[in-house]
Amino acid sequence: MTQFINNDVEEKFNSYPDDMKEKLLELREIIYDVVKNEDIIDNVEEALKWNEPSFITKNGSTIRIDWKKSKPNQYSIYFNCKTKLVETFRELFSDRFSFEGNREIVFQKNEVIDFDALKYCILLSLTYHKRKHLHMLDE
Numbered sequence: 004m005t006q007f008i009n010n011d012v013e014e015k016f017n018s019y020p021d022d023m024k025e026k027l028l029e030l031r032e033i034i035y036d037v038v039k040n041e042d043i044i045d046n047v048e049e050a051l052k053w054n055e056p057s058f059i060t061k062n063g064s065t066i067r068i069d070w071k072k073s074k075p076n077q078y079s080i081y082f083n084c085k086t087k088l089v090e091t092f093r094e095l096f097s098d099r100f101s102f103e104g105n106r107e108i109v110f111q112k113n114e115v116i117d118f119d120a121l122k123y124c125i126l127l128s129l130t131y132h133k134r135k136h137l138h139m140l141d142e
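Read in order, the letters of the sequence shown are residues 4 to 142 in this note's numbering.
As structure tokens, then:
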């Protein structure tokens with residue numbers, strides 16, 4: 004597991020129910036796995052934004068992950084709603100993910116996740132400023 008540097012983020016993870024904490028830690032590791040395996044991604048800062056664990060990079064668009072008490076059997080990964088990221092993900096992966104609006108991929112507690120597709124979504128977001136001119140992402 005990737006060490007926590009930010010105590011507030013670690014406390015946030017510790018506040019989740021155990022089953023959801025495990026799922027969100029898995030998402031966190033996937034994000035860090037993408038960062039480690041892609042030379043084009045600068046260092047990622049982990050912080051709380053809107054009281055949600057967030058992953059911020061200079062050349063990309065912030066990613067957030069969270070679980071909500073109001074929807075106890077699901078958890079989500081959030082992308083910037085002012086981009087075409089989720090619109091693009093929906094076009095590419097509508098058969099693999101459930102989407103909410105223009106910013107969220109929603110996972111059910113017992114869902115089997117297509118990690119390769121998710122890693123691609125994470126990569127596009129964390130490198131968004133280098134790729135936003137490309138087809139489907141252009142503004």
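Just so it is clear, CB atoms sit at the ideal spot from N, CA and C, and this is done for glycine as well.
Local conformation of residue i per DSSP, three classes
| i | result |
| --- | --- |
| Ser97 | coil |
| Arg31 | helix |
C-beta contact flag for residue i and residue j at 9 Å
| i | j | result |
| --- | --- | --- |
| Ile33 | Phe110 | no |
Spatial neighbours of residue i in its chain, beta-carbon cut-off 8 Å, leaving aside the 5 residues before and after
| i | result |
| --- | --- |
| Ala35 | Reading off the sequence shown, one finds Tyr at residue 35, where the question assumed Ala. Closer than 8 Å at Cβ, skipping near neighbours: Thr5, Val47. |
| Leu19 | In the sequence as presented, Leu is not what sits at residue 19; that position holds Tyr. Excluding positions up to five away in sequence, the list reads Leu27, Trp70. |
Whole-number beta carbon distance between residue j and residue i, since they are thought to touch under 8 Å
| i | j | result |
| --- | --- | --- |
| Cys124 | Phe92 | 5 Å |
| Phe16 | Pro56 | 7 Å |
Residue i versus residue j - alpha carbon distance
| i | j | result |
| --- | --- | --- |
| Phe7 | Lys85 | 29 Å |
| Glu41 | Lys61 | 14 Å |
| Lys133 | Phe96 | 22 Å |
Contact set for residue i: own chain, Cβ-Cβ below 7 Å, skip 5 residues either direction
| i | result |
| --- | --- |
| Ser128 | Gly63, Ser64, Ile66, Phe82, Leu88 |
| Asp45 | Thr60, Lys61, Asn62 |
| Leu121 | Ile33 |
| Lys52 | Thr65, Arg67 |
6 Å Cβ shell around residue i - same chain, five flanking residues per side excluded
| i | result |
| --- | --- |
| Phe100 | Ile108 |
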